[in-house]
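Notes to accompany the following structure.
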Amino acid sequence: MIRIVLVRPWRDAAAGGGCCSAGPDSVGLDNAGHAGHRSADVFAETYCLLRKELPGVDVQMVSASNSLFLLPTSYRAARRDHGRLWSLRRAALSTTAGAVLVDGEVVGDVEFLGADGVLGKVLASAVS
Amino acid sequence: MPAGVIIAIVGVLFWLGYRYYAGYLAKHTYALDANFVTPANEFSDGIDFVPTNKHVLFGHHFTSVAGAAPIVGPAIAVFWGWGPALAWIVLGTIFAAGVHDMGSLVVSVRHKARSIGTIAQDIINRRARTLFLIIIFFLLTLVNAVFAVVIGNLFVAYPGAVIPIFLQIPFAIGIGQYIYRTRSAALVPSLIGVVVLYFLIWVGQMVPVDITRVADAMGFDNPRDLWVIIMFVYTFIASRIPVWMLLQPRDYINSHQLFVALAIIAAGILVGWETIVAPVFNDVPEGSPSIFPFLFITIACGAISGFHSLVSSGTTAKQLNKDTDAKHVGYGGALGEGSLAVGAVLAATAGAATTRADWDVLYADFATASGGGVGNFVSGIAAFANNLGVPLELGAVFAAVVVIAFAATTMDTGVRLQRYVVQEIAELAGWKTLSRNLTLASVVAVAVPMAMALLPGGGEDGYTFGVLWQLFGTTNQLTAGLALAVIAVWVTRSGRRSWPVIIPLVFLLVMTPWALIVNLMNFVAAGQWVLAPLDLIIFGLAMWLIVEAALALRGARRGDPGPNAAGPSGGTAGAGTSRDSDAVRKANAPMSRGDDPDRR
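Chains A and B, in that order, give the protein sequences. Counting in numbering that gives the first Met the number 0, the first sequence runs from 0 upward without gaps. Counting in numbering that gives the first Met the number 0, the second sequence runs from 0 upward without gaps.
So, in structure tokens, the structure goes:
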């Protein structure tokens with residue numbers, strides 16, 4: 000099954016500060032709602048489009064800081080067809096904010112391509 | 000006892016807990032349902048509500064809950080011996096923290112991923128939410144106060160840590176800007192950041208920054224107090240700048256540090272085959288705080304921490320893809336934090352001293368143990384690193400930097416969060432000026448804990464710091480108690496087995512007031528007229544919580560549907576739907592007293 004990963008920049012990720020810290024949503028201020036940021040966030044737009052157009056595909060949104068997930072996932076995917084060094088470089092690239100990964104391979108950038116462009120790239124990658 | 004054996008035993012116990020007890024909870028207490036449509040899927044918007052792979056979410060959740068607190072508490076609590084400290088961490092993690100963290104996540108997922116405070120209002124009553132906000136206010140006040148003291152003490156003890164900590168700030172900002180503007184991969188610059196940080200640690204060791212003379216000239220009795228003020232000025236500024244600019248890039252570097260520190264603990268213990276030199280049970284001097292109840296509030300984070308309910312219900316619940324993933328993310332996150340606490344126990348008992356006599360000096364009395372607990376952890380990590388070829392002094396500065404960086408990040412987010420809480424309480428109280436003025440709210444968020452950290456005796460002698468730490472532990476346990484009460488009422492109303500939730504709830508609601516009463520008597524006897532009223536207020540909150548929890552549980556047992564059961568949000572009926580609700584209801588029928596409210 001194809002897995003698409005959208006690598007979200009830090010500026011959009013939730014803050015974490017270790018035990019004894021949390022975001023404002025956590026203290027009962029969650030009634031403010033979040034309407035309004037959908038149109039301003041190309042990642043959200045892309046994510047929703049991919050989920051809508053490719054319902055059977057595993058689409059994940061991952062923070063660029065989550066190297067614990069991104070590095071091994073990309074490395075394992077690259078190792079299927081390539082050597083270690085090439086795979087390591089490919090894995091390092093997977094932590095690029097804005098990257099679109101299709102089965103562990105970087106195929107483009109969300110902010111450069113836009114939602115429709117990402118969909119086209121993903122479909123092209125799936126065909127190839 | 001070889002520390003490596005402890006690691007192996009704890010590993011097996013945690014695995015058994017995850018495999019069997021979490022499995023029991025998933026089936027009989029929380030009735031996790033793979034077909035339940037979670038809020039992440041129901042409201043999926045790609046922003047807050049994002050169904051996320053459980054391994055990805057575990058990474059987010061674990062790095063959000065692991066920090067300095069599970070290091071400080073255990074490093075102090077080994078004063079009573081490593082046996083009780085380790086037993087409470089292991090049993091607490093398996094039977095309390097796992098239940099609490101997983102339950103908070105599940106109850107939030109069944110209520111549109113709302114926060115535990117808001118759910119308390121729906122499940123218990125409006126007063127419960129007010130109680131929640133007041134407890135959180137005191138919790139944040141105390142956590143910011145104690146961490147400021149911890150940082151100040153470490154800067155005084157390890158002046159070599161000053162340069163790396165303060166230069167890490169512009170460096171983190173620079174890395175964040177570079178990655179964002181050049182759209183390059185985050186890994187390589189961040190690893191360079193870690194290498195540069197280690198270089199700065201070496202520089203710091205060569206050029207220690209001692210502010211004793213400046214502090215003397217400014218009239219401070221203790222240079223630690225000047226560091227406390229500097230840290231609060233810094234957090235006031237840091238809490239006003241966007242999180243992506245400083246907090247997140249620094250957090251990223253810190254997350255690498257966490258993994259490096261954990262690797263050093265494990266590898267250092269195994270390579271050096273370190274042996275615990277501390278006693279299993281320590282024969283503490285007369286007049287010391289007794290093991291019951293004080294052990295159970297000295298170690299809060301690492302055994303059970305109410306803060307995890309905030310992370311579980313505030314952020315993680317919005318990203319949970321499947322109901323059944325709650326076991327992996329919630330229970331697994333608790334095990335991760337417990338592992339860090341076990342590492343802290345081993346550092347303070349196997350690494351900090353080489354002989355029993357040396358260890359006895361470090362933990363001669365409660366004041367010495369409290370004042371030096373974090374330093375002992377630092378020494379322990381340095382010893383483990385030394386087994387891997389790192390010079391002792393360099394290793395000590397490295398460990399001090401890890402703890403300070405965690406504590407500083409916690410203060411950043413803690414002050415930021417306190418600002419919102421202050422505004423919320425001001426809104427409830429009708430203080431419009433405070434509720435609408437961000438700067439004023441920030442000043443309150445900083446000034447109150449700073450006063451606490453600087454009050455006469457604030458952290459000056461180890462005993463008072465230890466007491467402040469215990470007060471922080473009590474508020475953290477009260478937060479956990481409130482979350483467990485909410486979970487228990489919800490589980491009881493659903494007709495499922497609630498004893499796994501009620502037992503840790505009762506345990507916390509016995510230990511916490513007990514500790515508060517003993518401390519109150521001590522404060523009055525010692526004439527500590529700042530700590531005594533604070534203790535009395537927290538005791539009042541504990542009593543309030545006990546009454547609310549008892550009334551709500553009694554109502555739930557009688558079949559009371561709850562204050563907001565038929566509300567527009569679904570209230571206790573929960574949000575979301577099951578794709579296969581009939582089948583699930585049938586499967587749960589033997590243990591249900593009626594319709595499962597979650598499935599209505």
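We put the CB at the ideal spot given by N, CA and C, even for glycine.
**Request:** Look at the alpha carbon of glycine 55 of chain A and the alpha carbon of isoleucine 3 of chain A, and state the distance between them as a whole number of angstroms.
**Result:** 11 angstroms
**Asked** Which whole-angstrom value describes the C-beta separation of proline 83 of chain B and leucine 294 of chain B, a residue pair presumed to lie in contact below a C-beta threshold of 8 angstroms?
**Response** For a cut-off of 8 angstroms, the C-beta gap from proline 83 of chain B to leucine 294 of chain B is around 6 angstroms, short enough to register as a contact.
**Message:** If you reduce the DSSP assignment to three classes, tell me which class phenylalanine 42 of chain B lands in.
**Reply:** Correct three-state label for phenylalanine 42 of chain B: coil.
**Prompt:** Is serine 73 of chain A helix, strand or coil when you go by DSSP?
**Reply:** helix
**Request:** For tyrosine 29 of chain B, I'd like the list of residues in its chain whose CB is within less than 8 angstroms of its CB, leaving aside the five on either flank, ordered along the chain.
**Result:** Met101, Gly102, Val105, Ala325, Val490 and Arg495
**Asked** Alpha carbon to alpha carbon, what distance is there between alanine 340 of chain B and phenylalanine 383 of chain B?
**Response** 16 angstroms
**Asked** Does any CB atom of chain B fall closer than 8 angstroms to the CB of valine 61 of chain A?
**Response** yes
**Asked** So what does DSSP say about aspartate 32 of chain B, is it helix, strand or coil?
**Response** coil
**Reduced DSSP secondary structure (H/G/I, E/B, other) of proline 1 of chain B** = Of the three classes helix, strand and coil, the one that applies to proline 1 of chain B here is strand, per DSSP.
**Same chain, Cβ closer than 6 angstroms to aspartate 108 of chain A, neighbours up to 5 away in sequence not counted** = Gly97
**Message:** For a cutoff of 8 angstroms on Cβ pairs, would you count glycine 97 of chain A as touching chain B?
**Reply:** yes
**Asked** CB-CB under 7 angstroms to glutamine 204 of chain B, same chain, minus the five flanking residues each way: which ones, in chain order?
**Response** Gly159, Glu392, Leu393 and Val396
**Item:** Run of the alpha helix (DSSP H) containing glycine 107 of chain A, from where it starts to where it stops
**Value:** Segment 104-108 is the beta strand (DSSP E) holding glycine 107 of chain A; no alpha helix (DSSP H) there.
**Interface flag, alanine 352 of chain B vs chain A, CB-CB below 8 angstroms** = For alanine 352 of chain B, no Cβ of chain A is located within less than 8 angstroms of the residue's own Cβ.
**Asked** CB valine 145 of chain B to CB leucine 467 of chain B, shorter than 8 angstroms?
**Response** yes
**Message:** Cutting at 7 angstroms between CB atoms, please list the residues of its own chain near tryptophan 81 of chain B, excluding the five before and the five after it.
**Reply:** Ile275, Ala277, Val279, Val344 and Thr348
**Request:** Identify whether serine 311 of chain B lies in helix, strand or coil by the three-state DSSP scheme.
**Result:** helix
**Message:** Which residue marks the beginning of the alpha helix (DSSP H) containing arginine 88 of chain A, and which one marks its end?
**Reply:** 83-92
**Prompt:** Can you tell me whether DSSP reads glutamine 614 of chain B as helix, strand or coil?
**Reply:** For chain B, the structure presents residues 0 to 599; residue 614 of chain B sits outside this window and is missing.
**Message:** At the 8 angstroms Cβ level, is leucine 186 of chain B part of the contact set with chain A, yes or no?
**Reply:** yes
**Item:** Contact check, methionine 244 of chain B vs glycine 175 of chain B, beta carbons under 8 angstroms
**Value:** Their beta carbons are under 8 angstroms apart, which means methionine 244 of chain B touches glycine 175 of chain B by this criterion.
**Prompt:** Anyone know if the C-beta pair for arginine 83 of chain A and serine 73 of chain A falls short of 8 angstroms?
**Reply:** no
**Asked** Assuming serine 5 of chain A contacts threonine 45 of chain A under a Cβ cut-off of 8 angstroms, what Cβ separation, rounded to an integer in Å, is found between them?
**Response** The question names serine, yet the displayed sequence has leucine at residue 5 of chain A. The Cβ separation is near 6 angstroms, so the contact holds.
**Close-in-space but distant-in-sequence residues of the same chain around arginine 50 of chain A (CB under 8 angstroms, 5 per side omitted)** = These residues qualify, in order along the chain: Val58.
**Prompt:** What residues of chain B sit near alanine 91 of chain A, judged by a beta carbon separation below 8 angstroms?
**Reply:** Ala184, Leu186 and Val187, listed in chain order.
**Message:** Quick check on isoleucine 544 of chain B: buried or exposed, where buried means 16 or more other Cβ atoms within 10 Å of its Cβ?
**Reply:** Isoleucine is not the amino acid found at residue 544 of chain B; the sequence shown has leucine there. When all chains shown are included, leucine 544 of chain B counts as buried.
**Item:** Through-space distance from aspartate 102 of chain A to asparagine 40 of chain B, alpha-carbon basis
**Value:** 22 angstroms
**Prompt:** Alpha carbon to alpha carbon, how far is proline 503 of chain B from methionine 60 of chain A?
**Reply:** 36 angstroms
**Message:** Let's see if you can read the secondary structure: which residues bound the alpha helix (DSSP H) around arginine 2 of chain A?
**Reply:** Here arginine 2 of chain A belongs to no alpha helix (DSSP H); instead the beta strand (DSSP E) covers 2-7.
**Prompt:** According to DSSP, which residues form a beta bridge with leucine 100 of chain A?
**Reply:** A:Val4 and A:Val105
**Message:** According to DSSP, simplified to helix, strand and coil, what is valine 242 of chain B?
**Reply:** coil
**Prompt:** Which residues, in chain order, does the stretch 36-49 of chain B contribute to contact with chain A at a C-beta distance below 8 angstroms?
**Reply:** Ser43, Asp44, Gly45, Ile46, Asp47 and Val49
**Buried or exposed (CB count within 10 angstroms, at least 16 for buried), isoleucine 122 of chain B** = buried
**Item:** DSSP state of glutamine 167 of chain B mapped onto helix, strand, coil
**Value:** helix
**Prompt:** How about arginine 79 of chain A: is its C-beta nearer than 8 angstroms to some C-beta of chain B?
**Reply:** no
**Prompt:** So, does the CB of tyrosine 74 of chain A fall closer than 8 angstroms to a CB anywhere in chain B?
**Reply:** no
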